[in-house]
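The numbering of the sequence shown is the numbering used here, which starts it at 28 and goes up by one.
A quick write-up on the structure given underneath.
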Amino acid sequence: ADENFETTKIYDRTSQNLLYEVIDPTGGDRTWVPLDQIPDTLICATVASEDRSFWENPGFNPRGIARAFWANIRGQQIQGGSSITQQLIKNVVIEKERRYISAEGPSWKDYERKITEILLAYRITQKYSKEQILEWYLNTNFYGNLAYGIEAASRVYFGKSASELTLSEAATLAAIPQFPKMNPFDDPEAARKRQGLVLDAMVRQGCITREQAVAAKYEPWHLATLVERFDIQAPHFSIYVRKQLEEMFGPEMVYRGGLRVYTTLDLDLQEQAECVARAQIRRLSGEDDEAVVQEAIANGCQAAQFLPPLYAAGVGRDHHVSNAAVVAIRPGTGEILAMVGSLDYWNQEIDGHFNVAVDGLRQPGSSFKPFTYVTLLAQGDNVAHMFLDVRKAFQQPNGVPYVPENYDRKYHGPQRMRLALARSYNIPAVEALSLAGVDNVIRTAHKMGITTLDKGLDYYGLSLTLGGGEVHLIDMVYAFSVFANGGRMYGAPVPEDQRRPGYRELNPVAILRVEDRNGNVLYEYDQPESVDVLSPQLAYLMNSMLSDKQARWAAMGRPNALELSNDRPAAAKTGTTNDFRDAWTIGYTPQLAVGVWVGNSDNSEMKNLPGSRGAAPIWHAVMDYALQDEEPIPFPRPDGLIEMPICSLSGKLPGPYCPTVNELFIPGTEPTEQCDIPQVFLVNRETGKLCTVYTPPELCEE
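In structure tokens, the structure reads:
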């Protein structure tokens, strides 16, 4: 074994909390045990299944080699024939790339390698005892599931030391090395069959009786859980970091180089995001609202105290939802502070290993609308643009009209852009997309951080603005961070081999510093790089609309989950997909951007659960918890904007009878026409009808 081998350790941002000790999948996770601590049944099972003549042969099995050689002369692939000593040589001496035969069949180099194995096996047998060779073999063998050596395998599969293995368990483990994928976790049926073959071989070897073998075959397994196997915190984030390290330094350095990796993760915020997401899903599954919150707080989930109460109709109702994901990013540096990839990494029922935050491709619903509106604004439009929220058929290139509907199945008449976005009306958003152009909106999304939407412009239609394209949660949060930063993106440069024209130039940051085993700094994220993506004026207009509490009230009620404590200014957008398959909330302040997805891993429908009720409460709780000790900060207003009164009914310059509101404009985009919608009429005060030429003047009043 490699005496210089050392595992890589991944820490949180404080460097005090170990998140993950990276196990070498090609030769690392082992605890050495002497042969006298390995049960005789396991020794017999190994010899009986791998090399029956082990105790007598000279390090190789002449009959086995002859049989394998004859098979290859007949054109078959090299098979069998390897003694335990030869397998030991192959595992610890032969280079990895030379251990196996290519798919095209054996070459002369393969025969040369086999001869080398035989010669070295013979020399080792002459120099060392059989007991020593068997001890080496049992401690270096691969048993699947990252377990190298019999002690690691015993703990991986059965949660006990090798010295405590039963006959049934010993035979099970002895059967694995020939076919590591046929193990109790990955293929229990095949593992049972192979266990039976080993037990039968032990009977023939004279180690056990037929009755003992039969009893062992029917003995149930008591397998260890995956949680018992791996001690890992923030598992999705830790594995995300490990993959980045492999790209930066290569797998060999990561698994055997003893790196010390200091990440961006705020472990406290991570744990609070995890527990509050679990609490919310429990509430949405019909459990008692108050009891769930109090239990969570009692178990250390302080963020649960910030969960808004469930809406009245949702109390005690099962919404058929089982999973959630959360990402938190510091906008001014691009650093990932929390990443919840699923509710429970170890829960196979929700496919817990899958990182929804990074790898999930889900439709974002209305949370995509800001990309549409900011594109239209960049083309010279303004936030006072008046859309007609009425039934409308939009023509598409394929000739099929597209007739969108609002979430509430109602129409709301004239709506200024500010109101249409804050209230998430669909028809104005589709009209905005038709004006801005699908291709232009996709370009904006790519530039702001979305890495998907790459199927070609013909693939996406007008439903794009309602979430008709699939995105990653982490991309959405990173893109909204551009708004939070006043139009600027902060992060680490996208690796050269991953850059694509028109897409983002920076990535969110997960790694702050990497040191080698001697403390030498190999990588450090000192000063974040930045790229101007939007003008500060455009970003501020979006921040103003997305944080407009009063504009939301008509659709979301008051108070609602998008309103943070202490009257803290916060911009946010919810999203819900058709049939309630996905519920989203993405929102931010200048200090923090958080995104939440709620849904089911199998893409099954939730029951009447929009983003405002499913995801927004988690967003609210994470934001309030993270920012509770920080002063509320308004979005800084840049120069280059003008504020002026407009007619609230039309978005135009106010006429003499207009109700007015103040609105912000980029110079050159402000309205120039005066509104003529409100007019003064004379009414007969006795009848309440319009005055006519025949109405006595004294009865007419305005």
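We treat Cβ as the ideally placed atom computed from N, Cα and C, and that holds for glycine.
Sub-8 Å separation of residue i and residue j beta-carbons
| i | j | result |
| --- | --- | --- |
| residue 748 | residue 650 | A query on residue 748 cannot be resolved here, the shown segment of the chain reaching from 28 to 729 and no further. |
| residue 648 | residue 333 | yes |
| residue 533 | residue 361 | yes |
| residue 275 | residue 550 | yes |
| residue 623 | residue 646 | yes |
| residue 172 | residue 183 | yes |
| residue 294 | residue 653 | no |
| residue 468 | residue 509 | no |
| residue 62 | residue 158 | yes |
| residue 610 | residue 636 | yes |
| residue 312 | residue 346 | yes |
| residue 612 | residue 392 | no |
| residue 200 | residue 180 | yes |
| residue 352 | residue 500 | yes |
| residue 632 | residue 410 | no |
| residue 85 | residue 193 | no |
| residue 266 | residue 535 | no |
| residue 358 | residue 511 | yes |
| residue 639 | residue 601 | yes |
| residue 434 | residue 417 | no |
| residue 400 | residue 459 | yes |
| residue 665 | residue 513 | yes |
Alpha carbon of residue i to alpha carbon of residue j, nearest angstrom
| i | j | result |
| --- | --- | --- |
| residue 66 | residue 223 | 19 Å |
| residue 77 | residue 252 | 28 Å |
| residue 156 | residue 206 | 27 Å |
| residue 127 | residue 73 | Confidence at residue 127 is low in this model, with a pLDDT of 46, below 50, so its placement is unreliable and the value that follows should be read with caution. Using only the alpha carbons, I get a separation of about 22 Å. |
| residue 367 | residue 298 | 9 Å |
| residue 724 | residue 396 | 53 Å |
| residue 426 | residue 371 | 46 Å |
| residue 694 | residue 668 | 6 Å |
| residue 718 | residue 706 | 15 Å |
| residue 596 | residue 284 | 46 Å |
| residue 660 | residue 424 | 45 Å |
| residue 125 | residue 202 | Confidence in residue 125 is poor, its pLDDT being 44 and thus under 50, which makes the residue's placement unreliable; the coordinate value appears in the next sentence. C-alpha separation (whole angstroms): 24 Å. |
| residue 48 | residue 314 | 37 Å |
| residue 713 | residue 686 | 27 Å |
| residue 70 | residue 262 | 36 Å |
| residue 229 | residue 258 | 36 Å |
| residue 343 | residue 190 | 51 Å |
| residue 129 | residue 210 | The pLDDT assigned to residue 129 is 42, lower than 50, so where the model puts this residue is not dependable; a value taken from the coordinates is nonetheless given after this. Whole-angstrom Cα-Cα distance: 24 Å. |
| residue 208 | residue 572 | 55 Å |
| residue 487 | residue 466 | 9 Å |
| residue 728 | residue 704 | 20 Å |
| residue 657 | residue 709 | 57 Å |
| residue 529 | residue 558 | 13 Å |
| residue 185 | residue 169 | 16 Å |
| residue 698 | residue 679 | 5 Å |
| residue 476 | residue 562 | 16 Å |
| residue 225 | residue 250 | 19 Å |
Which residues DSSP lists as bridging residue i, in chain order
| i | result |
| --- | --- |
| residue 559 | 515 |
| residue 366 | 354 |
| residue 566 | In the DSSP output, where bridge partners are listed per residue, residue 566 has none listed. |
| residue 541 | 288 and 550 |
| residue 312 | 345 |
| residue 717 | 710 |
| residue 37 | 47 and 288 |
| residue 600 | 613 |
Contact test: residue i Cβ vs the ligand PLP heavy atom, cutoff 7 Å
| i | result |
| --- | --- |
| residue 701 | Questions concerning the ligand PLP fall outside what the structure shown contains, since it holds no ligand whatsoever. |
Count the C-beta pairs between the region 320 to 337 and the region 301 to 311 that are closer than 8 Å, then say yes if the count reaches three, no if not. The answer is yes - the region 301 to 311 touches the region 320 to 337, with three or more Cβ pairs under 8 Å.
Subject >> Whole runs of the beta strand (DSSP E) within the region 317 to 352, excluding any shorter than 3 residues >> reply: List check, beta strand (DSSP E) in window: nothing returned.
Q: Report yes or no: do three or more beta-carbon pairs, one from the region 279 to 298 and one from the region 38 to 45, lie closer than 8 Å?
A: The region 279 to 298 vs the region 38 to 45: in contact.
Quick check for students: name the residue ranges of the beta strand (DSSP E) that lie wholly in the region 673 to 697, counting only runs of 3 or more.
Runs of the beta strand (DSSP E) inside the region 673 to 697: 687 to 692.
query = Which ranges would you report for the alpha helix (DSSP H) in the region 425 to 491 if only whole runs of at least 4 residues count?
reply = 444 to 449, 453 to 463 and 465 to 475, all fully within the region 425 to 491.
**Report entry** Touching by the beta-carbon criterion (3+ pairs, under 8 Å), the region 444 to 451 and the region 569 to 585
**Finding:** Taking 8 Å as the limit for Cβ pairs, the verdict is that the region 569 to 585 does touch the region 444 to 451.
Contact between the region 486 to 500 and the region 386 to 396: three or more CB pairs below 8 Å? Taking 8 Å as the limit for Cβ pairs, the verdict is that the region 386 to 396 does touch the region 486 to 500.
Beta strand (DSSP E) runs wholly inside the region 611 to 659, at least 3 long, in chain order:
Fully enclosed beta strand (DSSP E) runs of 3 or longer: 620 to 626.
Next on the checklist: When you compare the region 536 to 544 with the region 372 to 389, are there three or more beta-carbon pairs, one atom per stretch, that lie closer than 8 Å?
Outcome noted: Verdict: no, contact absent.
Check your understanding: Hey, is the region 625 to 634 in contact with the region 510 to 522, meaning 3+ C-beta pairs nearer than 8 Å?
Key -> Counting C-beta pairs with one atom in each stretch, the region 625 to 634 and the region 510 to 522 have fewer than three that are closer than 8 Å, which means they do not touch.
TODO: Take every Cβ of the region 673 to 686, pair it with every Cβ of the region 372 to 382, and state whether three or more of those distances are shorter than 8 Å.
DONE: By the criterion of at least three beta-carbon pairs nearer than 8 Å, the region 673 to 686 is not in contact with the region 372 to 382.
Next item on the list: Just list the alpha helix (DSSP H) runs in the region 371 to 399, keeping only unbroken ones of 4 residues or longer that don't cross its boundaries, in chain order.
Entry: Scanning the region 371 to 399 from its first residue to its last, the whole alpha helix (DSSP H) runs of 4-plus residues come out as 383 to 386.
Runs of alpha helix (DSSP H) wholly within the region 131 to 193 (minimum 4 residues, chain order):
Listed in chain order, the alpha helix (DSSP H) runs fully inside the region 131 to 193 are 135 to 154, 157 to 167 and 177 to 185, counting runs of at least 4 residues.
Could you tell me which whole alpha helix (DSSP H) segments of length 4 or greater appear in the region 208 to 232?
For the region 208 to 232, the continuous alpha helix (DSSP H) assignments of 4+ residues that do not extend past its boundaries occur at 215 to 232, in sequence order.
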